[in-house]
Structure formats: C-alpha cells, structure tokens
Amino acid sequence: MRIGIVGATGQVGGVMRAILAERQFPVSQLRLFASARSAGRRLPWADTEIEIEDAEAADYSGLDIVMFSAGGGTSLALAPRVAESGAVVVDNSSAWRMDPDVPLVVPEVNAHALDSIPKNIVANPNCTTMVAMPVLKPLDVEAGLRTLTVTTFQAVSGAGLAGTAELDDQIRKIGEGAPALTMSGTAIDFPTPEKFPAPIAYNVIPFAGKLVDDGRGETDEEQKLRNESRKILELPDLEVTVTCVRVPVYTGHSLSISASFSNSITPEDARRLLVKAPGVE
Numbered sequence: 002m003r004i005g006i007v008g009a010t011g012q013v014g015g016v017m018r019a020i021l022a023e024r025q026f027p028v029s030q031l032r033l034f035a036s037a038r039s040a041g042r043r044l045p046w047a048d049t050e051i052e053i054e055d056a057e058a059a060d061y062s063g064l065d066i067v068m069f070s071a072g073g074g075t076s077l078a079l080a081p082r083v084a085e086s087g088a089v090v091v092d093n094s095s096a097w098r099m100d101p102d103v104p105l106v107v108p109e110v111n112a113h114a115l116d117s118i119p120k121n122i123v124a125n126p127n128c129t130t131m132v133a134m135p136v137l138k139p140l141d142v143e144a145g146l147r148t149l150t151v152t153t154f155q156a157v158s159g160a161g162l163a164g165t166a167e168l169d170d171q172i173r174k175i176g177e178g179a180p181a182l183t184m185s186g187t188a189i190d191f192p193t194p195e196k197f198p199a200p201i202a203y204n205v206i207p208f209a210g211k212l213v214d215d216g217r218g219e220t221d222e223e224q225k226l227r228n229e230s231r232k233i234l235e236l237p238d239l240e241v242t243v244t245c246v247r248v249p250v251y252t253g254h255s256l257s258i259s260a261s262f263s264n265s266i267t268p269e270d271a272r273r274l275l276v277k278a279p280g281v282e
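Counting in the working numbering, the sequence shown runs from 2 upward without gaps.
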C-alpha cells in the first residue's frame with residue numbers, strides 16, 4: 002500500500018513510522034510530509050532515507066492512506082483535499098472526531114463504523130479515550146453502562162515534544178536539590194513553566210489541556226473523553242464526570258475509572274470478560 006504521514010517530524014509521526022516497520026505493514030511506498038521549514042530534511046525508513054515534502058504544496062495523488070498528526074488546524078485545512086485525491090485520511094487530531102459524517106474508531110470496539118466513510122476521513126479518539134474504550138465496551142454489552150467517573154493521570158508526552166522537554170529541563174536544573182521540597186513547595190526556584198500552568202517536575206497538576214467555554218469549567222481533555230466515549234460506545238446519554246491530571250511521567254497515561262451499570266455485574270464477571278477482551282492486557 003502507498004502510505005503518507007503528515008506531521009512526520011513530530012513525536013507521533015515518528016511513532017507512526019516505527020509501528021509501520023514493527024508490524025511489517027505492507028508499505029510499497031512511503032511519503033513523509035511536514036511544514037515548509039522541514040521540507041528537504043530526510044528521515045530513515047527501512048534501509049534508506051525519505052525526503053520530507055511540504056505538506057501544504059504537495060500533490061497527494063496515488064496514495065492509498067494518509068495519516069495525519071499535525072494538529073487540528075492542519076487537518077481541517079488539508080484533510081478534505083487529500084481525501085478528494087482518493088486517499089483515506091486517518092486523522093489523529095480532534096478536528097474531525099465529532100463530525101457526524103466521520104467515523105470515530107477504536108478497531109477493537111466499533112470497527113463496524115468503517116462500513117461508511119462519507120468524507121473519506123476516519124478519526125481516532127484522544128489518547129485517554131482510546132485506553133478506556135476496549136475495557137468499557139464488553140462491560141457495557143454485558144451489563145449496560147450507565148455512568149462513568151474518571152480521573153486521568155496524563156504523561157507530559159501528551160503535550161508533545163515541548164512537554165517532555167519542559168519536564169526534562171526542570172529536573173536537570175533542580176538537580177540534587179529536590180529533597181528540599183519535603184519541607185516547602187517553594188524551597189526550589191523552578192524555571193518558569195511555559196507548556197504547563199505550573200512547574201511539572203516533582204508535581205501533580207489537576208489541569209490537563211485548555212479551558213473550554215462550555216459552562217462546565219472543564220478542559221478540552223475532559224470534554225473529549227466525555228463526548229468521544231458517547232460517540233464510540235453509541236451511548237449519547239452516558240453520564241461522564243472527568244478530571245484530567247498532568248503528572249511528571251515522560252510517557253504512558255493511566256486512568257482510574259468508576260462505572261455504574263443498569264444490570265448487576267460482579268468483579269468476577271468483569272475479570273472474566275476483560276481477560277478475553279480484544280486490546281486489553
């Protein structure tokens with residue numbers, strides 16, 4: 002298959018490239034796209050290197066699948082043009098997730114949504130939603146999911162390369178002085194935070210993402226988990242309460258989920274279902 006990656010120089014773009022190789026995806030041609038300032042650089046692929054193309058100026062004709070991870074603005078601007086060229090767009094941003102004509106897919110949960118792709122665009126959910134869905138789907142089928150109360154613990158990688166760099170910079174500058182924080186949170190002169198609302202090193206920040214003006218006083222990370230869960234599970238009235246927390250971990254999110262159901266289900270029932278659920282380990 003002829004594959005393209007838009008946002009190839011970013012953190013997620015690099016992971017996309019690595020997974021294509023790791024899983025031996027049948028790639029007959031790989032093209033890499035990024036901003037104009039990155040055009041001309043070369044990135045490794047198999048036994049060769051591929052030159053990065055300017056995503057805005059490129060001709061996408063002939064590609065079968067183009068994966069986007071370059072931010073919502075880029076996806077909104079370019080995805081329709083790429084889709085019209087004949088490729089199926091798989092978008093990693095939030096730009097298309099709630100569009101009723103764009104399937105929002107977790108393959109282990111709702112692959113049937115791919116039966117209809119009116120705009121030639123497929124969205125994948127936010128990172129925390131993706132983690133929760135394979136666990137919640139079999140429980141919903143068994144007992145009827147009614148409410149969710151979720152606390153996420155999100156690594157700095159969720160804020161991109163700048164997020165991981167900020168944590169690393171703060172830890173390095175603090176050095177061996179961190180134990181002084183035992184007696185006072187102001188004992189250390191932290192570097193001024195830029196990516197997060199407070200220093201992230203040796204800290205936990207109950208605020209991940211950006212505040213949204215929806216009357217709930219919530220962040221976009223919290224809003225995404227609620228709205229995306231409803232769409233993927235096909236439960237438009239699902240009650241979801243979310244608190245998203247940023248933690249000083251480089252990569253790997255965790256979630257604490259409390260759920261209530263319409264029908265009786267025991268912990269033993271849940272274990273029995275989850276041990277054989279696709280995507281759950």
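In this text, a Cβ means the ideal position worked out from N, Cα and C, and glycines have one as well.
DSSP beta-bridge partners of residue i
| i | result |
| --- | --- |
| residue 245 | 153 |
| residue 46 | 49 |
| residue 92 | 69 and 124 |
| residue 55 | 35 |
| residue 30 | 3 |
| residue 240 | 148 |
Straight-line Cα distance separating residue j from residue i
| i | j | result |
| --- | --- | --- |
| residue 213 | residue 102 | 24 Å |
| residue 72 | residue 10 | 12 Å |
| residue 74 | residue 125 | 16 Å |
| residue 4 | residue 97 | 20 Å |
| residue 28 | residue 2 | 5 Å |
| residue 144 | residue 112 | 21 Å |
| residue 239 | residue 146 | 8 Å |
| residue 233 | residue 110 | 8 Å |
| residue 118 | residue 93 | 16 Å |
| residue 15 | residue 224 | 27 Å |
| residue 162 | residue 209 | 16 Å |
Close beta carbons around residue i, own chain, < 6 Å, minus the five adjacent residues each side
| i | result |
| --- | --- |
| residue 139 | 274 and 278 |
| residue 43 | 50 and 52 |
| residue 165 | 157, 158 and 251 |
| residue 149 | 241 and 260 |
| residue 68 | 6, 17 and 91 |
Where the alpha helix (DSSP H) containing residue i begins and where it ends
| i | result |
| --- | --- |
| residue 230 | 221-234 |
| residue 212 | Residue 212 -> no alpha helix (DSSP H), and no H or E assigned at all. |
| residue 18 | 12-23 |
| residue 165 | 161-175 |
| residue 204 | Premise fails: residue 204 is in no alpha helix (DSSP H) and is neither H nor E. |
| residue 110 | 108-111 |
| residue 273 | 268-275 |
Range of the contiguous beta strand (DSSP E) that encloses residue i
| i | result |
| --- | --- |
| residue 260 | 255-262 |
Other residues of its chain near residue i: CB distance less than 7 Å, five sequence neighbours each side excluded
| i | result |
| --- | --- |
| residue 170 | 192 |
Near the ligand MG: residue i beta-carbon under 7 Å from a heavy atom
| i | result |
| --- | --- |
| residue 110 | Absent from the structure shown: the ligand MG. Ligands present: none. |
Spell out a yes or no on whether the region 138-158 and the region 256-267 are touching, meaning 3 or more CB-CB pairs, one atom from each, closer than 8 Å.
yes
Given 8 Å, three or more beta-carbon pairs between the region 24-43 and the region 53-68: yes
Check your understanding: Touching or not, the region 193-203 and the region 213-229, by the rule of three or more beta carbon pairs under 8 Å?
Key -> no
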